[in-house]
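Mapping of the sequence shown onto this note's numbering: position 12 corresponds to residue 96, and the numbering continues sequentially without gaps.
Report on the following structure.
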Amino acid sequence: MSEPADPDVSPDAWSGVHRGPLRVGEWVRLVDQKGRRHNFELVPGKRFFSNRGHLEHDDIIGREEGFTLVSSAGGEYLIFRPLLSEFVVSMPRGAAVVYPKDAAQIVAMADIFPGAHVVEAGVGSGALTCSLLRAVGPFGRVSSYERREEFADVARKNVTQFFGGDHPAWDLTLGDLAEALPASGERVDRIILDMLAPWECLDAAADALRPGGIVCAYVATTTQLSRFVETVRLHGGFTEPQPWESLVRDWHVEGLAVRPGHKMIGHTAFLVTARRMAPGQRPPLKKRRPAPGAYGPDYTGPKPPGVPEDEPTAEG
Ligand SMILES: C[S@@+](CC[C@H](N)C(=O)[O-])C[C@H]1O[C@@H](n2cnc3c(N)ncnc32)[C@H](O)[C@@H]1O
């Protein structure tokens, strides 16, 4: 038997993507003329109702994605399969999700590679999990930890829906990472912490990471950022932590009106990465003194080694 001219993506790739005609059971994304988005599963004989009449699922099933369909009341709808970046911001949520711009930063800057063993906590709604699974592929492993059962259930449904089945590289453990990861006895390549208090998991992360491995934290506030960075320094078994944030600005491009878009997501979260040193090794001592007053009397958090207890204020 000859191969079809444009074969589907191999199911062995576990990409969550299909090519070719839209099939029964697949999810599609409709965008109306005002930019409103609707996602639904294709079911033979079913109707999709909107505020501009209805559309028949049967008029979508069997067509190549990327077309415009007119509803019974004359509304026009653009129809595609949802991209991963679209799926994660429209799927049901238990907890706040990692936004696609940050998931991309995590995959790149925490160096998530095919075949890697990555640990993440908490799994939340499973948004980051989908990007991590895409990046490690079926020969890698993503071990997710979540301490709230109701969130774990939401994540399980979302991840299974996106990949169209149980991804072979994924396992989800119900429990606190700080206890469950040491109990697993696993050694891993990368650890991503998206939770309120990632510093509470740093010892467990340090013990599980291989030398050269990366810990990456995603935190919403400056106080969390400070506490995590200082805890990493105090631990001593990591390189100097690298904190950053990413800002993405859309542009309006229309004739002579070429300018930044008026709306922008001003803040999502801060990211920090640090690399695990080999056992018993510490990074070189910093030659640069801390900024004046950085660890003065008003500072109450963890202090890195070498900072005197009576560090003066910025005024001296
Ligand atoms: C912001 S959500 C994670 C969102 C997720 N990364 C996503 O993209 O959908 C934070 C989650 O961490 C969980 N959590 C907090 N501390 C934890 C810990 N020590 N171990 C495991 N899960 C934890 C919370 O229950 C919550 O579901």
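Quick reminder that beta carbons are idealized off the backbone N, C-alpha and C, glycines included.
| Query | Result |
| --- | --- |
| Any non-hydrogen atom of ligand 1 within 8 Å of Cys285 CB | yes |
| Beta-carbon proximity list for Ala200, same chain, < 8 Å, skipping 5 on both sides | Ala219, Val220, Gly224, Arg225, Asp273, Arg274 |
| Segment contact flag, the region 143-161 with the region 105-116, C-beta cutoff 8 Å, min 3 pairs | yes |
| Paired residues, beta bridge with Pro134 - DSSP | With the sequence shown as reference, residue 134 is identified as Ser, and Pro is not the correct amino acid for it. The partner list for Ser134 (beta bridge, DSSP) reads Gly137. |
| Exposure label - Gln405; buried when at least 16 CB within 10 Å | Residue 405 cannot be examined here, being either before or after the span of the chain that is shown, 85 to 400. |
| Short Cβ contact (9 Å threshold) for Val207 with Tyr229 | yes |
| Per DSSP, cross-strand counterpart(s) of Pro105 | Glu148 |
| Given 8 Å, three or more beta-carbon pairs between the region 323-339 and the region 262-281 | no |
| Of the listed residues Arg232, Ala341, Val332, nearest to Cys348 (C-alpha basis) | Per the sequence shown, the amino acid found at residue 348 is Met instead of Cys. Residue Val332 is the option with its Cα nearest to Met348. |
| Three or more C-beta pairs below 8 Å linking the region 311-318 and the region 231-250 | no |
| The region 283-290 / the region 173-187 touching (three or more Cβ pairs under 8 Å) | no |
| For Glu338, the first and last residue of its enclosing beta strand (DSSP E) | 335-338 |
| Phe235: CB within 8 Å of a non-hydrogen atom of ligand 1 | yes |
| Ligand 1 heavy atom lying under 8 Å from the CB of Ala362 | no |
| Bridge partners - Val203, DSSP secondary structure assignment | Ser227, Ile275 |
| Option in Arg231, Cys214, Val313, His336 with minimal Cα separation from Glu170 | Cys214 |
| Coarse secondary structure for Pro344, derived from DSSP in three states | strand |
| 8 Å CB neighbourhood of Arg165 in its chain, flanking five on each side removed | Val101, His102, Leu106, Glu110, Trp111, Val112, Arg113, Glu149 |
| Of the listed residues Arg311, Arg294, Phe235, nearest to Gly362 (C-alpha basis) | The residue you asked about is not Gly; residue 362 is Ala in the sequence shown. Cα-wise, what sits closest to Ala362 is Arg294. |
| Range covered by the alpha helix (DSSP H) that runs through Asp287 | 286-292 |
| CA nearest to the CA of Asp382, picked from Pro389, Arg372, Arg373, Glu393 | Glu393 |
| Assigned exposure category for His251 - 16 Cβ within 10 Å defines buried | buried |
| Residue burial classification, Ser156 (beta-carbon count within 10 angstroms, cutoff 16) | exposed |
| C-beta atoms of Pro344 and Asp334 nearer than 9 Å | yes |
| Cross-strand partners of Val182 (DSSP beta bridge) | Beta-bridge pairing links Val182 to no other residue. |
| Nonlocal neighbours in the same chain, by C-beta distance under 6 Å from Gln117, ignoring five residues either side | Glu160 |
| Pick from Ala290, Val391, Ala97, Leu153 that is closest to Leu369, judged by C-alpha positions | Val391 |
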